[in-house]
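Visitor: With my numbering applied, the sequence shown has no gaps in its numbers, which climb one by one up to 132 at the end.
Take a look at this one; I'll ask things after.
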Amino acid sequence: MAAGIPDDVAPVAAHEAQAFQAFVIDGVTKQLQKDNKAERLPEFIRAAGAYGKGDLDADSFLLTLSDLFGEQKALKMAPTLARLVKNDERRRSLLKAARGSGQVEVLPSPAAPPPIRCPVGRASVPAWDRR
């Protein structure tokens, strides 16, 4: 469970929304550039827009964030991003998904190393469990 993630955050006031959204996009752009993933900015924008409209569920949005930024950074971003969600239920849902972050899993790359094999004739039981 992710500590420090609130149950809810205040949505951005209407008169602040445009400036706050620009602040978020600027921060996301800089982070993606730092991580050599600048070409993935449109993916973030699509996912954020789809989540805000209700076309993407909270767990899927959090998975996208985790894939883009890593789980820890995604969890840190969740309360800030939630402020941009006007719908109370979706805003709280994103924070709830972040608090239950044990469900966030970034799949390994397809080029994962091969499994480790035991040499022939060696026991397959761990050394600490052999009798």
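Ideal Cβ placement from N, Cα and C applies to all residues, glycine included.
As the structure is a computational prediction, the values presented were derived from the model and not from experiment.
Going straight from the alpha carbon of alanine 48 to that of aspartate 27, what length do you get?
Guide: Roughly 16 Å separates the two Cα atoms.
Visitor: With 16 as the cutoff for other CB atoms within 10 Å, does alanine 75 come out buried or exposed?
Guide: That one is buried.
Visitor: With distances taken Cα to Cα, identify the nearest neighbour of asparagine 88 among Phe70, Tyr52, Gln73 and Phe45.
Guide: It is Tyr52 whose Cα lies nearest to the Cα of asparagine 88.
Visitor: Is arginine 84 near aspartate 8, with beta carbons less than 8 Å apart?
Guide: No, the Cβ-Cβ distance between arginine 84 and aspartate 8 is not below 8 Å.
Visitor: Cutting at 6 Å between CB atoms, please list the residues of its own chain near methionine 78, excluding the five before and the five after it.
Guide: For methionine 78, where only same-chain residues beyond five positions count, there are no Cβ hits under 6 Å.
Visitor: Are phenylalanine 62 and leucine 96 touching if we call contact CB-CB under 8 Å?
Guide: Going by C-beta atoms, phenylalanine 62 is not nearer than 8 Å to leucine 96.
Visitor: Using only the alpha-carbon positions, how far apart do valine 10 and arginine 100 sit?
Guide: Approximately 13 Å between the Cα atoms of the pair.
Visitor: Determine the direct distance from the alpha carbon of alanine 98 to that of glutamate 44, and round the result to whole angstroms.
Guide: Near 20 Å, if we compare the C-alpha coordinates of alanine 98 and glutamate 44.
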